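Trainee: Okay, handing you the structure first.
In this note's numbering, the protein residues as written are 880 to 1152.
The following block contains the structure:
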């Protein structure tokens, strides 16, 4: 009978192989961890960089918004100033036109009343520096006595004073237009009386013209005198701006047969009934 064989295994080489495998895996894990850490660091750095860039963009955006707001405020301010300048310019132009109209009316009334040649009146009333020949000493002396009393009065009072002469009443018609505190326009044209309301220059001119067409035939010269009480500013401006328009329209309608002039007297108590 044969004896058993004993199986003997060499464990040392296997252990060495196992250690080599474990070490290789360990090194692989460490390498991966190092790579992960580097990637994490890069991600953190990129995040910080992105946050810094975002902060810069927000700051730039805020500065741009502030600059835009300042520009908008400047534009609004310039527009307001421009509108104010336009309003002042329009107001000055209206005042100049009213002054010229009153000056022309004064010349017409003085010429009618005292039988003074129109050329003489125009020369004497021409402002200094205007492109017109100066009045002679004889012309000035001729008018000095008549203007002595009137020279201390305002244009509106001078016109009213001239119209008080009976001789002047024979030569022209006086239409008195008054605005009361309610905005009601009262027109007295001789024995005729009319009334209306208007809130814009165009509405005023149209309604006044309609009344003019309904009145009897006037004398050769018609003087429209505008006064007002405690009326609102917009109603006053409607009349002040509309009166030159309707006056010119009536002149054109008359075709030279009648003359229409106007004077703005300003604030006056209501006309006597």
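Glycine included, each C-beta is placed from N, C-alpha and C at the ideal position. Keep in mind it's a predicted model, so treat the numbers as computed, not measured.
Using the beta-carbon count (16 or more within 10 Å), is residue 900 buried or exposed?
Mentor: Exposed.
Trainee: Take the Cβ of residue 1126 as the centre, count every other Cβ of all protein chains shown within 10 Å, and call the residue buried at 16 or more, exposed below.
Mentor: Label assigned to residue 1126: buried.
Trainee: Just how far apart, CA to CA, sit residue 905 and residue 940?
Mentor: So the alpha carbons of these two residues sit roughly 51 Å apart.
Trainee: Closer than 8 Å is the cut-off here; do at least three beta carbon pairs connect the stretch 1093-1113 with the stretch 951-962?
Mentor: Counting Cβ pairs under 8 Å, fewer than three are found: no touch.
Trainee: Report the residue from 912, 1064, 911 whose alpha carbon sits nearest the alpha carbon of residue 1079.
Mentor: Of the listed residues, the one whose Cα sits closest to residue 1079 is 1064.
Trainee: Roughly how many angstroms separate the alpha carbons of residue 921 and residue 894, rounded to a whole number?
Mentor: Going by the C-alpha atoms only, they are around 40 Å apart.
Trainee: First and last residue of the alpha helix (DSSP H) that includes residue 1122?
Mentor: Residues 1112-1133.
Trainee: Tell me, which residues are paired with residue 902 by DSSP?
Mentor: In DSSP, residue 902 forms no bridge with anything.
Trainee: Where do the ends of the beta strand (DSSP E) carrying residue 1064 lie?
Mentor: Its beta strand (DSSP E) spans residues 1064-1068.
Trainee: Could you check which residue in 907, 1061, 910 has the C-alpha nearest to that of residue 1111?
Mentor: Residue 1061 is the option with its Cα nearest to residue 1111.
Trainee: Less than 9 Å between the beta carbons of residue 1067 and residue 1054, yes or no?
Mentor: Yes, they are a contact pair.
Trainee: Ignore the nearest five residues each way along the sequence and tell me which others in residue 1134's own chain have a CB closer than 6 Å to its CB.
Mentor: None.
Trainee: Could you round the C-beta distance between residue 1092 and residue 1052 to whole angstroms and report it? I think they count as a contact, below 8 Å.
Mentor: Contact flag wrong, Cβ pair sits at about 15 Å.
Trainee: Nearest-angstrom Cα distance between residue 1057 and residue 1076?
Mentor: Straight-line Cα distance between these residues: approximately 11 Å.
Trainee: Are the CB atoms of residue 1089 and residue 1124 nearer to each other than 9 Å?
Mentor: Not in contact: residue 1089 and residue 1124 (Cβ atoms no closer than 9 Å).
Trainee: Helix, strand or coil for residue 955, going by three-state DSSP, please let me know.
Mentor: If DSSP states are grouped into helix, strand and coil, residue 955 belongs with the helices.
Trainee: Looking at the unbroken beta strand (DSSP E) that takes in residue 1106, where does it start and where does it end?
Mentor: 1100-1107 is the extent of the beta strand (DSSP E) around residue 1106.
Trainee: Please report the Cβ distance between residue 1140 and residue 1117, rounded to the nearest whole angstrom; I am assuming they are in contact, meaning their Cβ atoms lie under 8 Å.
Mentor: Actually they are not in contact, since the Cβ atoms of residue 1140 and residue 1117 sit about 20 Å apart, beyond 8 Å.
Trainee: With a threshold of 7 Å on Cβ separation, who are the neighbours of residue 1026 within its own chain once the five nearest residues in sequence on each side are excluded?
Mentor: The predicted position of residue 1026 is uncertain, since its pLDDT is 48 and thus under 50; a value taken from the coordinates is nonetheless stated next. Contacts found: none.
Trainee: Let me know if residue 1074 comes out buried or exposed under the rule of 16 or more other beta-carbons within 10 Å of its beta-carbon.
Mentor: Classification for residue 1074: exposed.
Trainee: Kindly indicate which residue of 1121, 1132, 1131 has the alpha-carbon position closest to the one of residue 1142.
Mentor: Of 1121, 1132, 1131, the residue nearest in Cα terms is 1121.
Trainee: Within the same chain, show all residues whose beta-carbon is closer than 6 Å to that of residue 966, passing over the 5 residues directly before and after it, in chain order.
Mentor: Same-chain partners within the cutoff: there are none.
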